[in-house]
Amino acid sequence: MKLKLLLAAIITIFLMLLMALAVVAQEGEAPPPYAGLKNPFPWDDASAQSAGKAVYQNSCVGCHGTNGANFPAADFSAPGFSQGLEERPDLYFWWLSEGKLNKGMPAYKSSLSEEQRWQVLTYLRSLGKATPANVIPPPVRPPMTAENIILHLEVPSQADSGHPLALSAVLQDHQGSPIEGATIKFFIQVDFFTRGLMEIGEAITNDKGVAVLDYIPRHTGQIEVRAAYETVEATAHLKLPDTDKHFYVTHIGIDVPSPWRDMSIGESHLELGEGNTAPPTVFRLPTGALSWLTPLLWAAMAIWIVYFYVVYQVFRIPIVGEIRDIDTRRIPRVGLVIVVAVGILLVLMLVTSPLSHPHGLP
């Protein structure tokens, strides 16, 4: 026993040393077979950079960010990064292939081909290029507040529910000049258990500062419409007359191709009854009596009949100690009635479940 414990301790220490050496080695030189590898693509190869960018956006952008500057210790946008990558491409290729245990970086040699890994490094080198000195940075736009910009919202004077309409927002600066390329978000005020704003879409301003959103309303009455750009908002009211048209028709269940028509017992309803009462239960079998639901009903009934029979037989077994005083024909009728009632209830629940779509248009 002591020998086994000693061997286990030695193996554990050996494995820990190997892991420590692997972590330390990742900060040094690239080991074989990665040592001495060179990038097969020119560092300025536009096609390789484009392919590497696509791979980077799919596999790396979640952690490193779009410009590779999410981690200070691995900032791909730093001016000195590209030089280090060109001087030691084998080391970076090794890190990308095998991962970095001490940094939580996964290995990509199994998910990316060798060509894709070099393309990613070629793209990363373009992120680390220093910005040319003669490039003039774009002017910094001051913060958009209600004091320095103007936002107008225009809605149609007449509109009908179910028909498309145009919501227009005009964005200008404090001098009345249009602001182009701004994203305007549109909302409506709705009541759904609580009152709040629901976003219905967004549009970008054109060269005249106008953003137009095509919207199909599915509400009636007076609706508050709101346009927002950053912290600035504009509000307008849209009046929609009542209509008998149903804009939302829920279809529940699975549509199964069948030559038979749906069969229902009772009349389907789409609206609540008088006084907001619930509509009566409707028994519906999709695709008719021979639908996919019928075998389920028969199976449930058969199982429950077998269960009822087993309970009946169990109740007939007398107690050994009182066998002389017990009438084997005496069955607890209340228990059997409960079993039958529960079985009928389960069948009714199956028939009136969402699978049978009790309240809706066939």
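The numbering of the sequence shown is my numbering, which starts it at 75 and goes up by one.
Every residue gets a Cβ at the ideal spot worked out from N, C-alpha and C, and that includes glycine.
This one's a predicted model, so the numbers in the text were calculated from it and none came from an experiment.
Kindly confirm or deny that the region 125-132 and the region 190-200 touch, where touching means at least three C-beta pairs closer than 8 Å.
A contact exists between the region 125-132 and the region 190-200.
Locate the beta strand (DSSP E) running through Glu307, then write down its first and last residues.
It spans Val306 to Leu314 - the beta strand (DSSP E) in which Glu307 sits, taken as one unbroken run.
Could you spell out where the beta strand (DSSP E) holding Tyr197 opens and where it closes?
Taken as a continuous stretch (DSSP letters only), Tyr197 belongs to no beta strand (DSSP E), being part of the alpha helix (DSSP H) at Glu188 to Leu201.
Grab the span of the beta strand (DSSP E) containing Gln296 for me, first residue to last.
Gly295 to Tyr303 is the extent of the beta strand (DSSP E) around Gln296.
Can you tell me the Cα-Cα spacing of Val437 and Tyr383, whole angstroms?
No information on residue 437 is available, as it lies outside the stretch 75 to 436 that the chain covers here.
Opposite His226 in the DSSP bridges: which residues?
Answer is Val244, bridged to His226.
With a threshold of 8 Å on Cβ separation, who are the neighbours of Gly250 within its own chain once the five nearest residues in sequence on each side are excluded?
Hits under 8 Å: Ile224.
How would you call Pro369, buried or exposed, if buried means at least 16 neighbouring beta carbons within 10 angstroms?
Exposed.
Roughly how many angstroms separate the alpha carbons of Tyr386 and Ala415, rounded to a whole number?
Spanning the two alpha carbons is a distance of roughly 15 Å.
Confirm the yes/no value for this check: CB of Gln249, any heavy atom of the ligand FMN, distance under 7 Å.
In the structure on display, the ligand FMN does not appear, and there are no ligands present to speak of.
What do you get for Thr279, buried or exposed, if any count of 16 or more other CB atoms within 10 angstroms of its CB means buried?
By the neighbour-count rule (16 or more Cβ atoms within 10 Å), Thr279 is buried.
Expressed to the nearest angstrom, what Euclidean distance is found between the alpha-carbon atoms of Leu186 and Gly295?
For Leu186 and Gly295, the distance between alpha carbons rounds to 57 Å.
Could you check where the beta strand (DSSP E) with Asp288 kicks off and where it finishes?
From DSSP, the beta strand (DSSP E) with Asp288 extends over Val284 to Tyr289.
What do you reckon, are the CB atoms on Asp164 and Phe155 nearer than 8 Å?
Going by C-beta atoms, Asp164 is not nearer than 8 Å to Phe155.
Would you kindly work out how many angstroms separate the C-alpha atoms of Ser121 and Gly255, rounded to a whole number?
For Ser121 and Gly255, the distance between alpha carbons rounds to 30 Å.
Whose C-beta lies closer than 6 Å to the C-beta of Val411 among residues of the same chain, with five residues either side of it excluded?
There are no such residues.
Looking at the unbroken alpha helix (DSSP H) that takes in Ala120, where does it start and where does it end?
Unbroken alpha helix (DSSP H) run through Ala120: Ala120 to Ser133.
Would you report the Cα separation of Gly283 and Thr309, rounded to the nearest angstrom?
Approximately 17 Å between the Cα atoms of the pair.
How should Ile168 be labelled, buried or exposed, when 16 other C-beta atoms within 10 angstroms of its C-beta is the threshold for buried?
A quick correction: the sequence has Trp, not Ile, at residue 168. That one is buried.
Measure the C-alpha to C-alpha separation of Tyr166 and Leu201 and round it to an integer number of angstroms.
Rounded to whole angstroms, Tyr166 to Leu201 spans 15 Å at the Cα level.
So, is Pro107 buried or exposed, given that buried needs 16 or more other C-beta atoms within 10 angstroms?
Flag for Pro107 reads exposed.
Helix, strand or coil for Leu420? Go by DSSP, reduced to three states.
Looking at Leu420 - three-state DSSP - the assignment turns out to be helix.
Which one of Gly142, Leu195, Glu103 and Ser124 has the shortest CA to CA distance from Pro114?
Taking only the C-alpha atoms, the option nearest Pro114 is Leu195.
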